[in-house]
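Contents: one structure, followed by commentary.
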């Protein structure tokens with residue numbers, strides 16, 4: 001009986017020594033771990049302060065001085081380590097095995113007063129700058145299919161297409177009339193409801209205005225580029241408010257550059273049903289309300305007719321960029337030799353087409 005008690009006492013003593021040995025090992029392991037965490041935190045704090053100092057560039061925006069940083073590192077370098085002590089029972093080894101997990105959370109949740117003070121000081125004095133980088137992925141647009149002219153469009157359906165003056169020039173949109181006068185026409189002026197004001201200045205007539213599938217003026221510079229690059233012909237359509245229709249067709253049409261004031265340099269032979277009301281404008285320069293090129297010392301014809309056209313010394317025989325008026329009026333859209341001398345037209349359309357080489 002006494003021998004069994006001695007054996008049991010020896011066994012308990014052995015287990016107690018193993019428990020104490022495990023506790024000492026766990027405490028050492030956790031202490032080393034806590035020191036590593038503290039060192040890493042110090043390094044991170046130093047790096048953060050260095051970045052902040054570089055961003056602020058010494059302007060005194062709440063920077064922490066090196067002495068304060070050192071004091072804070074010393075305050076946070078020794079986190080409190082708490083290890084649970086287990087009882088000397090046979091089941092104690094299982095209890096102590098979990099003690100490092102419990103003690104790991106202790107420094108983060110129950111810091112001592114000095115670290116708390118240092119942390120609050122850092123929060124009050126540091127400024128955090130967040131930089132957001134946005135990456136935009138741009139999907140390349142498919143190339144625009146363009147043609148040398150409306151004559152090259154394979155479709156027979158009139159509409160908006162892109163053409164180019166030369167092979168190396170940028171394409172631009174035009175309205176191609178493909179079902180009148182054998183098709184292939186570039187519309188350069190279109191009026192039918194008065195929705196667009198045509199009493200405009202020089203720059204607007206040079207650059208163009210309106211939308212090419214509605215009322216618009218293509219622009220003198222575009223017309224010059226097209227008619228200078230290749231030979232073109234011209235057709236003009238008119239229709240009054242009673243539905244009377246006529247057209248004037250010219251075998252050649254070309255205008256000069258802006259330096260030449262977009263002069264009507266070439267106008268070929270006439271044929272049609274509306275009468276030749278543009279022939280008098282040959283070699284006349286273009287005029288607008290702010291650019292008087294008509295050569296008349298007594299009258300500004302663009303202002304007089306409230307339009308823009310190739311007016312001469314004695315005015316003109318047509319005024320297709322005048323006011324959209326259902327009236328006999330010098331300010332209206334009129335085409336002399338057709339029905340009545342200043343009869344306002346409801347519809348006008350000017351179109352050019354490339355001539356064969």
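Numbering (the UniProt record's numbering), first residue to last: 1 to 357.
All C-beta atoms, glycine included, are put in the ideal place defined by N, C-alpha and C.
Compute the beta-carbon to beta-carbon distance between residue i and residue j, rounded to the nearest angstrom, for a pair I have assumed lies under 8 angstroms.
i: residue 291; j: residue 217; result: No, residue 291 and residue 217 are not in contact; Cβ-Cβ is about 15 angstroms, not under 8 angstroms.
i: residue 338; j: residue 275; result: 5 angstroms
i: residue 306; j: residue 199; result: 5 angstroms
i: residue 321; j: residue 308; result: 5 angstroms
i: residue 281; j: residue 257; result: Wrong, their Cβ atoms sit about 17 angstroms apart, outside the cutoff.
i: residue 254; j: residue 227; result: 4 angstroms
Report yes if the CB atom of residue i is closer than 8 angstroms to the CB atom of residue j, and no otherwise.
i: residue 352; j: residue 232; result: yes
i: residue 286; j: residue 220; result: yes
i: residue 283; j: residue 268; result: no
i: residue 238; j: residue 162; result: no
i: residue 354; j: residue 249; result: no
i: residue 318; j: residue 301; result: no
i: residue 212; j: residue 154; result: no
i: residue 194; j: residue 304; result: no
i: residue 177; j: residue 350; result: no
i: residue 344; j: residue 241; result: yes
i: residue 328; j: residue 314; result: no
i: residue 165; j: residue 175; result: no
How many angstroms separate the CA atom of residue i from the CA atom of residue j?
i: residue 326; j: residue 209; result: 23 angstroms
i: residue 330; j: residue 247; result: 21 angstroms
i: residue 342; j: residue 170; result: 40 angstroms
i: residue 289; j: residue 310; result: 12 angstroms
i: residue 32; j: residue 10; result: 33 angstroms
i: residue 41; j: residue 49; result: 12 angstroms
i: residue 151; j: residue 225; result: 17 angstroms
i: residue 83; j: residue 12; result: Note that residue 83 scores a pLDDT of 36, beneath 50, so its modelled location is shaky; the value from the coordinates is reported in the next line. Cα to Cα, residue 83 sits roughly 23 angstroms from residue 12.
i: residue 243; j: residue 223; result: 29 angstroms
i: residue 144; j: residue 266; result: 33 angstroms
i: residue 19; j: residue 35; result: 24 angstroms
i: residue 236; j: residue 273; result: 10 angstroms
i: residue 205; j: residue 192; result: 18 angstroms
i: residue 214; j: residue 357; result: 32 angstroms
i: residue 120; j: residue 28; result: Only weak support exists for where residue 120 lies, its pLDDT of 39 falling under 50; the coordinates are left without a value.
i: residue 45; j: residue 16; result: 43 angstroms
i: residue 197; j: residue 179; result: 28 angstroms
i: residue 359; j: residue 8; result: The requested residue 359 is not part of the displayed model; the chain covers only 1 to 357.
i: residue 149; j: residue 207; result: 19 angstroms
i: residue 5; j: residue 24; result: 28 angstroms
i: residue 245; j: residue 277; result: 15 angstroms
i: residue 127; j: residue 14; result: In this prediction, residue 127 has a pLDDT of 48, which is less than 50 and means its spatial position is unreliable; nothing more can be read from the coordinates.
From the beta carbon of residue i, is the nearest beta carbon of chain D less than 8 angstroms away?
i: residue 241; result: Any reference to chain D falls outside this structure, which holds one protein chain only.
Could you please give me the residues that DSSP links to residue i through a beta bridge?
i: residue 248; result: 236, 272
i: residue 360; result: It is not possible to answer for residue 360, since the shown part of the chain is limited to 1 through 357.
i: residue 254; result: 266
i: residue 176; result: 159, 186
i: residue 146; result: 162
i: residue 358; result: This structure gives no information on residue 358, because the portion of the chain shown stretches from 1 to 357.
i: residue 353; result: 233
i: residue 343; result: 328
i: residue 348; result: 191, 238
i: residue 323; result: 332
i: residue 216; result: 190, 210
For this session: Report yes or no: do three or more beta-carbon pairs, one from the stretch 175-184 and one from the stretch 145-165, lie closer than 8 angstroms?
Result: yes
Exercise. Per the contact definition of three or more C-beta pairs closer than 8 angstroms, is the stretch 296-305 in contact with the stretch 259-278?
Worked result: No, the stretch 259-278 is not in contact with the stretch 296-305.
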